[in-house]
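Using our numbering, the letters of the sequence shown correspond one by one to residues 52 to 284. This report concerns only the one structure given below.
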Amino acid sequence: MIRSELIKRSPIRLLEKTTHGGLQKGALGVIAGATGTGKTACLVHLATDKLFQEKHVIHVSFSEGTRHIIAWYEDIFKEVARRHNLDCATDVHDHIIKNRVIMNFKQSDLHMQKVEQSIKTLVEKGNFDADIVVVDGYNFSLANSDEFCEVKRFAAELNLAFWFSAHTPDSTDELNEIPEIIKPFEYDFEIIIRLDPHDEEMKLDLLKDHGEPVAQDTHLILDPHILLISKEN
Numbered sequence: 052m053i054r055s056e057l058i059k060r061s062p063i064r065l066l067e068k069t070t071h072g073g074l075q076k077g078a079l080g081v082i083a084g085a086t087g088t089g090k091t092a093c094l095v096h097l098a099t100d101k102l103f104q105e106k107h108v109i110h111v112s113f114s115e116g117t118r119h120i121i122a123w124y125e126d127i128f129k130e131v132a133r134r135h136n137l138d139c140a141t142d143v144h145d146h147i148i149k150n151r152v153i154m155n156f157k158q159s160d161l162h163m164q165k166v167e168q169s170i171k172t173l174v175e176k177g178n179f180d181a182d183i184v185v186v187d188g189y190n191f192s193l194a195n196s197d198e199f200c201e202v203k204r205f206a207a208e209l210n211l212a213f214w215f216s217a218h219t220p221d222s223t224d225e226l227n228e229i230p231e232i233i234k235p236f237e238y239d240f241e242i243i244i245r246l247d248p249h250d251e252e253m254k255l256d257l258l259k260d261h262g263e264p265v266a267q268d269t270h271l272i273l274d275p276h277i278l279l280i281s282k283e284n
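Right under this line is the structure:
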């Protein structure tokens with residue numbers, strides 16, 4: 052299969068359709084879930100879809116080291132290429148990987164403004180024409196509303212879309228409600244998705260969609276066996 056057809060058939064097109072065109076530049080989105088539900092896999096699949104479109108991706112990680120992040124990208128690329136029998140997969144991989152930068156920070160040591168400065172330097176002085184930033188491992192319990200207001204302003208200034216992952220430690224949250232850990236910042240996010248354990252799969256439940264009533268299911272799952280966002284059968 053050629054790359055253009057792979058992009059067209061990606062289940063992320065369904066996510067974009069469900070969410071009024073998906074996350075636009077200048078906007079913030081978040082994928083929430085408990086430990087081990089696949090938040091990183093979701094972010095990496097979203098980022099990989101952009102890479103297939105020859106978009107530029109910045110992956111900001113607040114976890115220890117970046118080796119496992121690189122492994123996620125390699126695994127997801129290989130699985131997408133295998134499932135769709137991608138033509139010249141090695142050449143495609145080597146071409147698109149040039150459009151990805153991974154940054155690693157310790158949240159306890161700095162504020163988001165320092166992260167923004169690093170991104171701005173890369174974009175403006177490094178001539179890296181970024182389209183999307185994915186932020187993994189950010190601890191929402193250490194955040195305040197001013198930080199997310201600033202990120203939203205920064206996203207608009209540099210014309211970037213920001214996807215965050217959020218750990219939801221409170222098991223008392225209702226699955227169809229905004230998780231407590233996100234509620235203080237929910238108005239800063241255009242799209243909020245929660246990973247909902249469902250049998251052996253993780254459903255992508257849409258909780259907020261650009262301020263519009265959430266009228267439909269995404270009909271998407273995260274398949275834990277292949278690490279990909281997939282359509283429900």
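Using N, Cα and C, we set each Cβ at its ideal position, and we do this for glycine too.
For Val-186, the closest of Lys-171, Glu-175 and Val-166 by C-alpha to C-alpha distance is Val-166.
Excluding its 5 nearest sequence neighbours in each direction, Ala-132 has C-beta neighbours in its own chain below 6 Å: Ala-140, listed in chain order. Residues Phe-113, Gln-158 and His-218 of the same chain have their beta carbon placed closer than 8 Å to that of Asn-190, with the five preceding and five following residues left out of the count. Under the criterion of beta carbons closer than 8 Å, Leu-79 and Lys-203 qualify as touching, at roughly 6 Å.
When rounded, the separation of the alpha-carbon atoms in Ala-85 and Pro-248 is 9 Å.
Pro-235 has its alpha-carbon roughly 33 Å from the corresponding atom of Ile-127. Glu-237 is a Cβ neighbour of Lys-259, given a cutoff of 9 Å. 9 Å or more divides the Cβ of Val-152 from the Cβ of Phe-103. Around Leu-66, the same chain offers Gly-73, Leu-255, Thr-269, Leu-271 and Ile-280 as residues with beta carbons nearer than 8 Å, after the five sequence neighbours per side are excluded.
From the listed residues Asn-195, Arg-64, Arg-245 and Leu-97, the smallest Cα separation to Asn-227 is found for Arg-245. Using a 10 angstroms sphere on the CB of Ser-61, the tally of other CB atoms reaches 16 or more, which defines it as buried.
Burial state of Ala-207 is exposed, judged by a 10 Å Cβ sphere holding fewer than 16 other Cβ atoms. Counting along the chain, Ser-112 sits inside the beta strand (DSSP E) bounded by residues 108-112.
Taking a contact as a CB-CB distance under 8 Å, the pair Glu-252 and Pro-220 does not count as one, their CB atoms being some 22 Å apart.
In the DSSP annotation of this structure, Ile-272 is not part of any alpha helix (DSSP H); the continuous beta strand (DSSP E) holding it starts and ends at 271-274. Within a 10 Å sphere around the beta-carbon of Leu-193 sit fewer than 16 other beta-carbons, which makes this residue exposed. Per DSSP, the unbroken beta strand (DSSP E) holding Leu-255 starts and ends at 252-260.
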